[in-house]
Amino acid sequence: MENTPNVALTIAGNDASGGAGIGADLKTFAEYGTFGIATLTVVASMDPDTWKHAVSPIDVAVVQEQLDTALSVDKGIDAFKTGMLPTFEQIELIESYIKKHQLTNFVLDPVMVCKGDDEVLNPELAKGLRDRLTPLATVATPNLFEAGQLADMPEPTTVDEMKEAAKRIVDLGAQTVVIKGGRGITDEVAIDIFYDGQEFTILEAEKIKEASNHGAGCTFAAAVTAGLANGLSPKEAVIKAKDFTHAGIQYGFKYNRHVAPVFHSAKRLDAE
């Protein structure tokens with residue numbers, strides 16, 4: 015059987031528990047029928063007793079070697095995403111590779127903290143993500159905290175404030191943005207806002223009590239990436255990704271007493 019699948023690349027960290035990072039990305043890519051490639055930027059491990067995160071960046075030269083390998087695929091990269099980028103040098107490298115290789119269909123997931131850990135990885139990295147990578151993004155997928163950082167404003171707490179942040183992020187150069195409201199805006203539904211520079215689309219989903227949402231942000235961004243790789247428009251990719259991620263949250267499971275990840279095969283298995 016001859017087959018040339020669409021290729022999706024993730025440039026992100028490894029979550030040793032498997033719920034987030036490249037583990038979430040590659041599982042999502044596979045569920046979308048794309049061929050996933052990963053460039054590792056950081057290793058995150060957690061203390062089993064406290065779930066305190068230990069974050070170990072990968073040397074930028076090793077990241078560059080991985081990118082050279084990933085980009086050697088004959089058919090080219092159909093879409094790619096970034097996740098946790100722990101150093102400014104990595105951000106600069108990725109910016110240069112996007113421009114050098116004229117990479118398109120870029121999903122920027124501006125990871126700034128580890129879920130379950132309140133410590134910002136590095137406050138000055140927000141400027142690098144805002145100035146270097148946001149202008150190159152096809153779709154930016156910040157949560158509320160990240161949207162505030164990129165938009166240089168307080169964290170949004172209302173739909174109107176989400177819209178203002180979205181406008182500012184598109185003004186930075188991003189083609190489109192989806193701000194994930196999650197549980198932070200209303201008690202009734204999970205609200206996300208998609209903005210393409212001209213109009214807003216409000217996406218709603220029923221809130222899931224005791225949600226298994228570890229890795230939800232990575233999963234959502236990976237689903238958007240895979241959707242773009244498969245030829246969907248940014249808006250179509252975002253809508254499908256929200257549905258995919260909602261199913262993963264709904265059928266997630268308790269990993270241990272600290273964390274409950276999404277289940278990346280939920281959408282497919284629920285349809286069988």
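Counting in our numbering, the sequence shown runs from 15 upward without gaps. From the three backbone atoms N, C-alpha and C, an ideal C-beta is built for every residue, glycine too. Here the structure is a predicted model, which means the values were calculated and not measured.
Residues of its chain near G142, where Cβ-Cβ distance is below 6 Å and the 5 sequence neighbours each way are ignored: F102, I105
What is the C-beta distance between G162 and A179, in whole angstroms, given that I count them as a contact (C-beta under 8 Å)? 6 Å
Apply the 10 Å Cβ neighbour rule to F214 and answer buried if 16 or more other Cβ atoms are within range, or exposed otherwise. Classification of F214: exposed, given that the 10 Å Cβ count is below 16.
By a C-beta neighbour count over all protein chains shown, 10 Å radius and 16 as the cutoff for buried, is I108 buried or exposed? buried
Within 10 angstroms of its Cβ, does V87 collect 16 or more other Cβ (buried), or is it exposed? So V87 ends up on the exposed side.
Can you check DSSP and say which residues form a bridge with I216? I207
Alpha-carbon spacing of A352 relative to G262, whole angstroms: Outside the modelled stretch of the chain, which goes from 15 to 286, sits residue 352, for which no answer is possible.
Based on DSSP bridge pairs, tell me the residues matched to K194. Paired residue(s): N157, D206.
Which of helix, strand or coil does DSSP assign to L99? Here L99 carries a coil assignment [DSSP, helix/strand/coil].
Do V192 and V125 have their C-beta atoms closer together than 8 Å? no
Helix, strand or coil, according to DSSP, for H67 in the structure here? strand
Under the rule that 16 or more other beta-carbon atoms within 10 Å means buried, what is D210, buried or exposed? With 16 or more Cβ atoms within 10 Å of its Cβ, D210 is classed as buried.
My understanding is that G196 touches I207, with C-beta atoms under 8 Å, so please give their C-beta distance in whole angstroms. 12 Å between Cβ atoms; not a contact.
Going by beta-carbon coordinates alone, are Q116 and T152 separated by less than 8 Å? no
Going by the beta-carbon positions, is the gap between A26 and F43 smaller than 8 Å? Against a cut-off of 8 Å, the Cβ pair of F43 and A26 comes out as no contact.
Under the three-state reduction of DSSP, which class applies to G162: helix, strand or coil? helix
At 4 residues or longer, and completely inside the segment 226 to 277: list those alpha helix (DSSP H) runs for me, N to C. Taking 4 residues as the minimum length, the alpha helix (DSSP H) runs contained wholly in the segment 226 to 277 are 230 to 243, 248 to 264, in order along the chain.
Report the rounded CA-to-CA distance for M15 versus F267, giving the unit in angstroms. Its pLDDT being 48, under 50, M15 is placed unreliably in this model, and the value from its coordinates should be taken loosely. Whole-angstrom Cα-Cα distance: 36 Å.
Nearest-angstrom Cβ-Cβ length linking A93 and A243, presumed shorter than 8 Å: 4 Å
From the DSSP secondary-structure annotation, give me the bridge partner or partners of S31. S31 is not bridged to any residue.
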